[in-house]
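Heads up, the working numbering is the position in the sequence shown plus 1, with the first residue counted as 1. Reading through the structure tokens given below for one structure.
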Amino acid sequence: MIHGFRVRIMNNSPLLSIRNLTITFPQPGGKTVYPVVCGLDLDLYSGQTMGLAGESGSGKSLSALAILGMVPNPGSVSGSIKFRGQELIGLSTPEYQSLRGSKIAIVFQDPSTALNPVLTIEEQLVETLLQHKTLTRTEARCQAIESLKKVDIPSPEKRLGNYPHQLSGGMKQRVLIAMALSCEPDILILDEPTTALDVTIQAQILDIVELIQRMNNTSILLISHDLSIISEISDSMSVMYSGYRVESGKTETIINSPKHPYTSGLIHSIPKLNEYKTRLSTIPGSQPNPAERPGGCPFHPRCSNVIQACRIQYPDYIIENEHGFACWNPKDSV
Ligand SMILES: Nc1ncnc2c1ncn2[C@@H]1O[C@H](COP(=O)(O)OP(=O)(O)OP(=O)(O)O)[C@@H](O)[C@H]1O
Ligand SMILES: [Mg+2]
């Protein structure tokens, strides 16, 4: 269900600026490489929540990992990622370590594997704090309790003694958000923060994220394949397809008048409460394997607006009134 939109005034220089980010992997067993993220541009402003949408395999998580220098081997990263004007690509491991957690924090996609099963929540939270801050153990424990309170965990003192398996999925996700926020990062990256959770818990997590964003003015990069979640709490959004950014702009503009047929298809596949349908709309076909992309626009075999040019050349990224899209035959409105 799509809720109200948020609009905030941004100042001019982005906190995080990504240009022409390209991530390649070698072909299995072969000498050639193929790109899984292709020339991505993104700007995240201070205090802004930006959504990154796209079907499974479109390159969302790898783009997030690239920000923190965590693309797995043998992946190769090129382009530019600037945080407060400083280039991140090429930083040394200790430089990345001092950035991770304290300046830019991430909650990884799979909460069940993100917590260490053999350590209590206290051990994990306190350790994170001690790594990044000059605190005594007692001070770190008090801060850990405060962090758990911020994400609405009842009886936080008691929860500190729990092991991850003693927590529900929603509770684990809150602990991970608390952990990510404990060092007061400027940017919080949430990769599919609500995917494994039921709808009520999803709503609670989104409320917490919104509250934290407002209280701390944290910039948030919210990654989700679910446009209804992105439309609920993001100011701006970008849509990825097969490694490419296909559309970007203010969330309200994109949801109300998408230009790219792929974005339009994603919007039409969102269930609406006031509409009875026996089956939801889907986009026919599936995203190509990045090693076997068709020529031209990789969406063309699935596109209802396809024209000859789409089969031949990838379209330029056009930006009109802050609304950007890469399409030879865009939609005028939904
Ligand atoms: N370690 C790796 N080696 C080779 N290819 C990879 C590796 N990790 C990811 N890929 C490929 O890169 C592409 C993008 O992956 P990524 O995990 O960024 O997608 P995603 O948009 O986050 O998808 P999901 O919604 O499923 O999380 C996929 O085609 C994936 O198979
Ligand atoms: Mg992912």
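Backbone N, C-alpha and C define an ideal beta-carbon position, used for all residues, glycine too.
Legend entry - Counted within 10 angstroms of its Cβ, other Cβ atoms place K150 as buried (16 or more) or exposed: Looking at its Cβ environment, which holds fewer than 16 other Cβ atoms inside 10 Å, K150 is exposed.
Inset, instruction - Starting from R215, follow its DSSP beta bridges and name the residues at the other end. - result: Note: R215 sits in no beta bridge, so no partner.
Legend entry - Check whether L63 and V34 have beta carbons under 7 angstroms apart: With contacts defined by Cβ atoms closer than 7 angstroms, L63 and V34 do not form a contacting pair.
Legend entry - contact_flag[the region 281-299, the region 220-231] where n(CB pairs < 8 angstroms) is 3 or more: When Cβ pairs closer than 8 angstroms are counted between the two stretches, the region 281-299 is seen not to touch the region 220-231, the count staying below three.
Legend entry - Closest by C-alpha distance to A145, when choosing among L161, T135, H133 and S156: Here the closest residue by C-alpha is L161.
Inset, instruction - Check whether the Cβ atoms of E343 and I234 sit closer than 7 angstroms, and answer yes or no. - result: With the chain covering 2 to 335 only, the question about residue 343 has no answer from this structure.
Inset, instruction - Alpha carbon to alpha carbon, how far is K32 from T219? Give it in angstroms, no decimals. - result: Cα to Cα, T219 sits roughly 42 angstroms from K32.
Legend entry - Residues near T192 by beta carbon distance below 8 angstroms, same chain, minus five either side: According to the sequence displayed, residue 192 carries Asp and not Thr. Excluding residues within five positions, the ones whose Cβ falls inside 8 angstroms are K61, S62, A65, I107, V108, F109, Q110 and I224.
Legend entry - Distance, K173 Cα to I256 Cα: Distance between the alpha carbons of I256 and K173 is about 31 angstroms.
Legend entry - Assigned secondary structure, R252 (DSSP; H/G/I helix, E/B strand, else coil): According to the sequence displayed, residue 252 carries Thr and not Arg. DSSP places T252 in helix when its eight states are reduced to three.
Inset, instruction - Figure out for me which residue from S99, A179 and S103 has the closest Cα to the Cα of I122. - result: With respect to the C-alpha of I122, the residue from S99, A179 and S103 having the closest C-alpha is A179.
Legend entry - When V152, G102 and L198 are compared against H133, the one with the closest alpha-carbon: Comparing alpha-carbon positions, the option among V152, G102 and L198 lying closest to H133 turns out to be G102.
Inset, instruction - Could you have a look at Y164 and say whether DSSP puts it in helix, strand or coil? - result: Reduced to three states, the DSSP call for Y164 is coil.
Inset, instruction - Decide if R85 is buried, meaning its Cβ has at least 16 other Cβ atoms within 10 Å, or exposed. - result: Counting Cβ neighbours within 10 Å, R85 comes out exposed, since fewer than 16 surround it.
Inset, instruction - Tell me, please, which residues DSSP counts as bridged to Y315. - result: Looking at the DSSP assignment, Y315 forms no beta bridge with any residue, so it has no partner.
Legend entry - Rounded C-alpha distance that separates I82 from L45: Going by the C-alpha atoms only, they are around 11 angstroms apart.
Legend entry - Residues that S18 bridges to, as DSSP identifies them: In the DSSP output, where bridge partners are listed per residue, S18 has D44 and K83.
Inset, instruction - State the beta-bridge partners of M238 as determined by DSSP. - result: According to DSSP, which records beta bridges pairwise, M238 is partnered with G52 and G250.
Legend entry - Under the three-state DSSP convention, the category R294 falls into: The DSSP-derived three-state label of R294 is coil.
Inset, instruction - Thinking P112 and Y164 are a contact (beta carbons under 8 angstroms), I'd like their distance in whole angstroms, please. - result: With 8 angstroms as the limit, P112 and Y164 do not qualify as a contact, their Cβ atoms being about 14 angstroms apart.
Legend entry - Which of helix, strand or coil DSSP assigns to V127: Taken through DSSP and simplified to helix, strand or coil, V127 comes out as helix.
Legend entry - Enclosing beta strand (DSSP E) for L69 [first to last residue]: Careful: L69 lies outside any beta strand (DSSP E) and carries neither H nor E.
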